[in-house]
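Structure first, commentary second.
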Amino acid sequence: MIVLSFPFLFLLVAFSSLTYATSDYHESLVLQPLPQSSLLASFNFRSNASQSSFDERNYRHFPRALGQILQHAHTEELHLRFTTGRWDAESWGSRPWNGVKEGNTGVELWAWIDATDDQEAFAKWITLTQSLSGLFCASLNFIDSTRTTRPVASFAPTGDHSVSSNLHLLHGTLPGEVVCTENLTPFLKLLPCKGKAGVASLLDGHKLFDASWQSMSVDIRRVCSRPDDCLVQIEQTVDIVLDLERSKRPRDNPIPRPVSNEQLVCDTSKPYHGEDTCYPLEKTSEGGWSLSEIFGRTVSGVCPLGDSQSAEETICLRVPHERGVAISDGAVEIRKPDGFTRCYTLQPSSAFDLVMPEQEATTHVPLDEPVLRAERTIVGHGVERGGMRIIFDNPSDTDAVEFMYFETLPWFLRPYVHTLQATTTGRDGVRRQVPSSQFIKETFYRPAIDRERGTQLELALSVPAASIVTLTYHFEKAILRYTEYPPDANRGFNVAPAVIKLGGHENPIYIRTTSLLLPLPTPDFSMPYNVIILTSTVIALAFGSIFNLLVRRFVSVEEAAALNSQSLKGRLAGKVIAFRDRIKGKSSKVE
Amino acid sequence: MAVREIVTDSSLLPVLNSSAETREQCEKLLAVLDPLNESSDIVLAASREQKQLFAYLARLRGLNRDAIFRVRETKQSTAEARQEIDRLHLQLQNLYYEQRHLTGEIAACESYDHKYLSLPLIPVDEFLSLFPDHQDLDAHELMMTRINHEHAEREKLEQARQELLKRKQALIAENNKRKEDLANLDQDLERFIDHALVMISKNEDLASSQTPSTPANDTMSSKTGARRLPPPETPEAIQTRFKVIAAFWAVIIFLGFPIWWKTTSIYRARLPIQDMVEGADGKACRPVFPLEIRFETPSLPESEAYHLLRTTQHTLDDLNEFSAHHLRLKLSDDHTIASDQDILGQSQSATDRKADITLTVRLLPREDLSTPRSELHPDTTRLDVYYPPSQIPPPSASSPPLSAYIAGELQSLFTEEKAIFAQILSDNNPGGANTNGPSSANNPQQPSSILNSISPQLAENISRRLRRSMKYAETYHLAFSLFTPGSEPSSWDVKTAVEEYISPLLQAFAPISNFTVDTQVQLYATFAPTAPRPEYDEAQAAWTLKKDDLSAFINAAEWPLSPSIGSGPTINFILYVPAPSQSPMVVTENRATSWIIPQWGGVFLLNPPLSTGDHPSNPPHLSQEALRPAFLTFSHQLLTLLGAPATPASLPFRLQTLIRIRAATLLLSASSTMGSLARLTESLPSIPIPANVATSVATTLSHLASACEHLREGRFQAALADARVAEAEAERSFFEKSMVGQAYFPDEHKVAVYLPLLGPIGVPLIVGLLKELKKVVTGLKAKGPRP
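Top line first, the protein sequences correspond to chains A and B.
For the first sequence, the UniProt record's numbering begins at 1 and goes up steadily by one.
For the second sequence, the UniProt record's numbering begins at 1 and goes up steadily by one.
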């Protein structure tokens, strides 16, 4: 039912299942303009390798680098995500691919590893993260035991696995990782056409990481049509939401310039409208754009690896049919009956560009409402304690929403689960305190061990129709050891986003909250030296006086003078004084 | 008329008159205008009367104006008069003031009280009695003289007072001087008493007579110093001080330093440095290669065969100039007689302790030959020697031609192997010939000498091959990659090609190393932007790459040739299919299409036939047949990269040689690693040596010894196994992670941090110690000469 509410995704799913077995390689691009002059571009690349050739290490479309890692770490299924930015669900609607191809802010990795016991699985997991870290130029090697969890109910394998195999699911996330060009380059290298032909030729780091939101994913799984006829499938996606105005800026002159007064479109009906005051009018027409403008290049032909059928309908555009679109010569346009989709079949070797002229918008492609809105924030003040607040908003007026809520907390954030409380707010805006057991059906909780593992909390929740449920709990912040602080300790510590899974195993929907920044008490890092030096000085002072008391001989002042005059030092001092007096006397005489 | 009574001014009378006339005229007019009078000429009369009235009114106005002017004039004159009166009045007032002031002044002068009146003069009568001549003077002059007199008297008295004061001062000064003298006398007396007491006590002890002048002298000198020295310290105080300082130093030496030492020292396990260095120098183990060659002489009687064996062995020994590598001939098992060199091998008859058979020589008689002929089997290690039956040596012959022939054949078979060993040994110990000069003088068969004996070309080949070949590893990963700059060919029959051309080779290598094979297809593989482009050569009708540019052929940045995961090196084999626009591609100098990248892998340029048409293109699929030249080249390159010798033709024979080479190189490299480790630990006293390094070293050394033993006895497989373990352990101990300290604080750093403590504590302690030492030394010196 949920899938039916996402027509264009359903289309993709149906489309991909059509070409499933016929080809070894398939790629597609879906473009959809979003409100606020944004554009969603969903790239999808999928290639298969037969299980036998994979086992024999004869790689053709499947990347050898990744295949080696999987075989070395005995990984049966792998999911890797690189995400930056925030999906604005209020304006952009529900997430692409139902959020399945999306990850936490930063890097998220989960995999099913074949191992006899937990320890072996973890050892292989470490091997896997180390190798992937090298391959993707990401800090995946920092996924240690404190960042690794074993989710119980939030993730399910998507591939077909033999029942006998002893699979372990491990999940790790790096919320502070900055995803950038150095991750895209190895990502593109995994593609058979290396981003040099086909829709992947549009992917350029400068544009991609200039987007409002972007997510890259790598999924490897085993797909079996029969028990003995299996394929190893790698699916790579890139989803980006580009700000059209921003993307259209020329690369050599990227600084935004103010619009001149004559070109401003103002609402003259406003009382304060004047020469220097302008209330901008919302544009009624949709801005014009073209692929070469927003991506900086055109699609260079087709990646000629699949058969002829798979090359069809590579690029799809989601705009109303009455919208005028100009395309390059040779490409064939096919309009879908739903009234909002058209797809293009490209010429194998000629460049393809797509130009959308500026046009008055009459109809809009309907956007789907998200099934659930979730928000997670840290509340409280001070450096010792804090609180977590998670807000679930069910926009539906009729149906309750059931879902799994999964969060991992670093060990230095110590939650008090007994303080877990729930309040509910109906559409009438009245807040009611209710026992949390009314919403929480099941709880999987694994407490943290200092410096060994983080907290893992999975809740099966149900939010009734037309209501907002707020969960809160308190936590305490641990004080780290001196060497455990990162160089930028005062920036705060990243707390991984929570993952929300709706729906069953067949067609799940995933929602992820934003990552959080937790300020921890940070010491003055020069402290040890100060302490050493200060205490040393105090000890030295004490020692000096005691030692002198014990060792020195005490005489009266006159006796000391006498002793001084006898000693060499005293005689020298006397001579110096006498000499000084003589010089002084001479000079006074001269005067 | 009341008005007339009030107004009497003559100038106003005409006004009154005219106003009266005007009034009359008004009344006249009113009468005319009486409404009762209704005559017709009333208007006329009225106007006439009105005119008259106006005339009157005009006059009246003029008079009024005159009156007003006059009033104004009068007022002005009145004001002027009044001003005059005011001025005069003011003058009068001033005069009054002046008068009053003057009278006041006069009164003040009259009542002025002068100073002279209050002067304490002598009374007038007395004065007059003193000076009677002034009696006739008036009061004023009298007063003046009196005052003058008083003044003179007073001056006189003042002078007297001053003189008295001076006298008083002088007296006080004298007094003080006296007092001081007295005090000094006190001090002198005290000192005198002190000294006298000391002298008395001393004198009493010594019981000697002192001149009485000494205390007097003393008193004199101390009188000039005028200072007092403290009393000498008691021996108890000196002893206490000595004890205090000694206690502090005892704490430092017996508590402080051991704690410091214990907490800052690093664990260094004991290593058998001597053994390690000896191993590296080649003293512990001199690798020798006694190769066992089995003779099969099915057609010869035992004694003849034995004789032949002996003569051949003699010839061989004469020919051989490299003592480390020698051949031992042996009859096959069905003949129980062994050569005299093989006593050792025979005595240890256990099968697992037996030496490997390097080569089997079969002697086969053949009638149709005049001279012996030999043939090496390409797939076994067997050398067939065919000889004419007439050449069977008689037992008396000392050097039959057949033995010479066999010896020569064997010698030539092993020429390259010997050269390789010589190269390895001399590489490993380059200075050996010089340093061991005197000791090895009696041993002319040094590696360098055999190197000199072989042809320079062969030596060059061998050293190049050694440089190219991979380091030994237990597992090699072979990666076959198809690179092409376009999208075609995108598939190849690599599976069958590997099975056909590579797998047999790998099976043959199985006793030495394990292999994994993976393959990949990489499309759109472009050259590096900095790499030189191929150029079109008209003469060769091909795109050519310069030989010098081949090193830049591999685009390491973009081509995914990452090494395999897991232990062991990766050998890459690259099959490059040039773009149709650049096909065919060859190397300029020799039109070659393949080359080896030393210690890395091999490259093959495959130029498949292009499809005909407007746009020539590469075939989308490469069949096994198309891959055949490439994979044959790859198999050859693999052999080279693994370090197998190029001759002779028999592959098993070459593999046997390879086993020996590997065993030797591993042995040497493990020994040299041990030597490096020994030098490292000796040169860096601050690095820790964990216990597992010590165990690794022990394992290495024991395996090295056993490998050496195996070599000496000709069991090369076992030697290789031992050498492998030794090498692995040696590498592990050398690259032990914990030997490189993660957090390294140099001693200077520690001292700098603790300087605020060590400085202020150390300085008084050291100064105190020095003082005490000085005292002890002077005490000893003082004591020394006395007895």
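Note that CB positions come from ideal geometry on N, CA and C, so glycine has one too.
Thinking C-beta only, is A:Val-325 closer than 9 angstroms to A:Val-355?
Your numbering for residue 355 of chain A matches position 355 in the first sequence. Your numbering for residue 325 of chain A matches position 325 in the first sequence. Yes. Within cutoff.
Applying a beta-carbon distance threshold of less than 7 angstroms, which residues of chain A neighbour B:Ile-761?
Counting from 1 along the second sequence, the entry for residue 761 of chain B is found at position 761. Ala-540, Phe-543, listed in chain order.
What do you get for B:Tyr-112, buried or exposed, if any count of 16 or more other CB atoms within 10 angstroms of its CB means buried?
Taking the second sequence and counting its residues from 1, the one referred to as residue 112 of chain B is at position 112. When all chains shown are included, B:Tyr-112 counts as exposed.
DSSP state of A:Lys-196, grouped into three classes?
Translated into positions along the first sequence, residue 196 of chain A becomes position 196. Here A:Lys-196 sits in coil by DSSP.
So which residues on chain B does A:Leu-305 lean against when the C-beta distance must stay under 9 angstroms?
Taking the first sequence and counting its residues from 1, the one referred to as residue 305 of chain A is at position 305. Those within 9 angstroms of A:Leu-305 in chain B are Ser-487, Ser-490, Leu-523.
Starting from A:Thr-345, trace the beta strand (DSSP E) in both directions and tell me its first and last residue.
Reading the first sequence from its first residue, position 345 is the one you call residue 345 of chain A. First-last of the beta strand (DSSP E) with A:Thr-345: 341-345.
For residue 623 of chain A, which residues does DSSP report across the bridge?
No statement about residue 623 of chain A is possible, as the shown extent of chain A runs from 1 to 591 and does not include it.
Measuring alpha carbon to alpha carbon, tell me which residue in A:Ala-374, A:His-505, A:His-364, A:Leu-281 is nearest A:Pro-33.
In the first sequence, residue 33 of chain A corresponds to position 33, counting from 1. Comparing Cα positions, the closest option is A:His-364.
How many whole angstroms separate the CB atoms of A:Ala-400 and B:Tyr-524, which I take to be in contact at a CB cut-off of 8 angstroms?
Translated into positions along the first sequence, residue 400 of chain A becomes position 400. Translated into positions along the second sequence, residue 524 of chain B becomes position 524. A:Ala-400 to B:Tyr-524, Cβ: 52 angstroms. No contact.
Tell me which residues share the same chain as A:Ser-350 and place their Cβ nearer than 8 angstroms to its Cβ, disregarding the 5 neighbours each side in the sequence.
Looking up residue 350 of chain A in the first sequence gives position 350. Here the set comprises Gly-301, Ser-328, Asp-329, Gly-330.
Taking 8 angstroms as the cut-off, does the segment 296-313 of chain B touch the segment 403-415 of chain B (at least 3 CB pairs, one atom from each stretch)?
Enough Cβ pairs lie closer than 8 angstroms, so yes.
What residues of chain B sit near A:Thr-537, judged by a beta carbon separation below 9 angstroms?
Here residue 537 of chain A is taken as the residue at index 537 of the first sequence, counted from 1. Within 9 angstroms Cβ-Cβ: Pro-756, Leu-757, Pro-760.
Excluding the 5 residues flanking B:Pro-560 on each side, which residues of the same chain have their C-beta closer than 7 angstroms to its C-beta?
Here residue 560 of chain B refers to the residue found at position 560 when the second sequence is read from its first residue. Within the same chain, B:Pro-560 has close Cβ partners Gln-522.
Decide if the segment 502-516 of chain A is in contact with the segment 472-480 of chain A; the criterion is three or more beta carbon pairs, one per stretch, under 8 angstroms apart.
Output reads no: the segment 472-480 of chain A does not touch the segment 502-516 of chain A.
B:Arg-373 bridges to which residues according to DSSP?
Taking the second sequence and counting its residues from 1, the one referred to as residue 373 of chain B is at position 373. Paired residue(s): B:Tyr-386.
Using the Cα positions of B:Leu-13 and B:Asp-34, report the straight-line distance between them to the nearest angstrom.
If you number the second sequence from 1, residue 13 of chain B lands on position 13. If you number the second sequence from 1, residue 34 of chain B lands on position 34. Going from the Cα of B:Leu-13 to the Cα of B:Asp-34 covers about 32 angstroms.
I need the straight-line Cα distance from B:Thr-778 to B:His-749, nearest angstrom please.
By one-based count along the second sequence, residue 778 of chain B stands at place 778. By one-based count along the second sequence, residue 749 of chain B stands at place 749. Using only the alpha carbons, I get a separation of about 40 angstroms.
Comparing C-alpha positions only, which one of B:Thr-588, B:Gly-256, B:Pro-578 sits nearest to B:Gly-486?
Working through the second sequence from its first residue, we reach residue 486 of chain B at position 486. Ranking B:Thr-588, B:Gly-256, B:Pro-578 by Cα distance to B:Gly-486 puts B:Pro-578 first.
What does A:Val-152 pair with, by DSSP beta-bridge criteria?
Taking the first residue of the first sequence as position 1, residue 152 of chain A is located at position 152. A:Val-152 is not bridged to any residue.
Give the single residue among B:Ser-490, B:Ser-491, B:Gln-599, B:Phe-604 whose Cα lies nearest to the Cα of B:Leu-545.
Taking the second sequence and counting its residues from 1, one reaches residue 545 of chain B at position 545. Of the listed residues, the one whose Cα sits closest to B:Leu-545 is B:Phe-604.
Can you look up A:Thr-424 in the DSSP assignment and give me helix, strand or coil?
The residue labelled residue 424 of chain A in the question sits at position 424 within the first sequence. Looking at A:Thr-424 - three-state DSSP - the assignment turns out to be strand.
Would you call the CB atoms of B:Ala-670 and B:Ala-719 closer than 9 angstroms?
Position 670 of the second sequence, counted from the first residue, corresponds to residue 670 of chain B. Position 719 of the second sequence, counted from the first residue, corresponds to residue 719 of chain B. Contact flag unset, no.
Can you check whether the CB of B:Glu-500 is closer than 9 angstroms to the CB of B:Pro-619?
As a position in the second sequence, residue 619 of chain B is number 619, starting the count at 1. As a position in the second sequence, residue 500 of chain B is number 500, starting the count at 1. For B:Pro-619 and B:Glu-500, no; Cβs fall outside 9 angstroms.
Does DSSP classify B:Asp-317 as helix, strand or coil?
Taking the first residue of the second sequence as position 1, residue 317 of chain B is located at position 317. B:Asp-317: helix per DSSP, three-state reduction.
Identify the contact partners of B:Glu-500 in chain A, using a Cβ-Cβ distance below 8 angstroms as the criterion.
Counting from 1 along the second sequence, the entry for residue 500 of chain B is found at position 500. In chain order: nothing, as chain A lies at least about 14 angstroms away.
Using the beta-carbon of each residue, which ones in chain B are nearer than 8 angstroms to A:Arg-60?
For the purposes of this step, residue 60 of chain A is identified with residue 60 of the first sequence, where counting begins at 1. Residues of chain B passing the Cβ test: Ser-490, Ser-491, Gln-520, Val-521.
Run through chain B and tell me which residues come within less than 8 angstroms of A:Arg-57, C-beta to C-beta.
Within the first sequence, numbered from 1, the residue matching residue 57 of chain A stands at position 57. Thr-516, Val-517, Asp-518, Thr-519, listed in chain order.
Out of B:Thr-234, B:Ala-644, B:Ala-592, which one is the CA nearest neighbour of B:Ile-659?
Numbered from 1 along the second sequence, position 659 holds the residue referred to as residue 659 of chain B. Minimum Cα distance to B:Ile-659 is reached at B:Ala-644.
Nearest chain A C-beta to B:Ala-630 closer than 9 angstroms, yes or no?
Residue 630 of chain B sits at position 630 when you count from the first residue of the second sequence. Answer no: the Cβ-Cβ gap between B:Ala-630 and chain A never drops below 9 angstroms.
Give the range of the beta strand (DSSP E) segment to which A:His-79 is assigned.
Reading the first sequence from its first residue, position 79 is the one you call residue 79 of chain A. 75-85 is the span of the beta strand (DSSP E), which, as asked, contains A:His-79.
So who's on the other strand from B:His-325, going by DSSP bridges?
The count along the second sequence starts at 1 and reaches residue 325 of chain B at position 325. Per DSSP, B:Phe-289.
Look at the alpha carbon of A:Phe-392 and the alpha carbon of A:Pro-447, and state the distance between them as a whole number of angstroms.
By 1-based counting over the first sequence, the position of residue 392 of chain A is 392. By 1-based counting over the first sequence, the position of residue 447 of chain A is 447. Using only the alpha carbons, I get a separation of about 24 angstroms.
Quick check: residue 788 of chain B and B:Thr-297, are their CB atoms within less than 9 angstroms of each other?
Because chain B in this structure spans residues 1 to 787, residue 788 of chain B falls outside the shown range and cannot be described.
Please report how far the alpha carbon of A:Glu-358 lies from the alpha carbon of A:Gly-287, in whole angstroms.
Counting from 1 along the first sequence, the entry for residue 358 of chain A is found at position 358. Counting from 1 along the first sequence, the entry for residue 287 of chain A is found at position 287. Near 5 angstroms, if we compare the C-alpha coordinates of A:Gly-287 and A:Glu-358.
Taking 9 angstroms as the threshold (C-beta atoms), are B:Met-674 and B:Ala-269 in contact?
The residue given as residue 269 of chain B occupies position 269 in the second sequence. The residue given as residue 674 of chain B occupies position 674 in the second sequence. No; because the gap between Cβ atoms is not below 9 angstroms, this pair is not in contact.
If you measure beta-carbon to beta-carbon, which residues of the segment 515-537 of chain A are closer than 7 angstroms to chain B?
Residues passing the 7 angstroms Cβ filter: Tyr-529, Ile-532, Ile-533, Ser-536, Thr-537.
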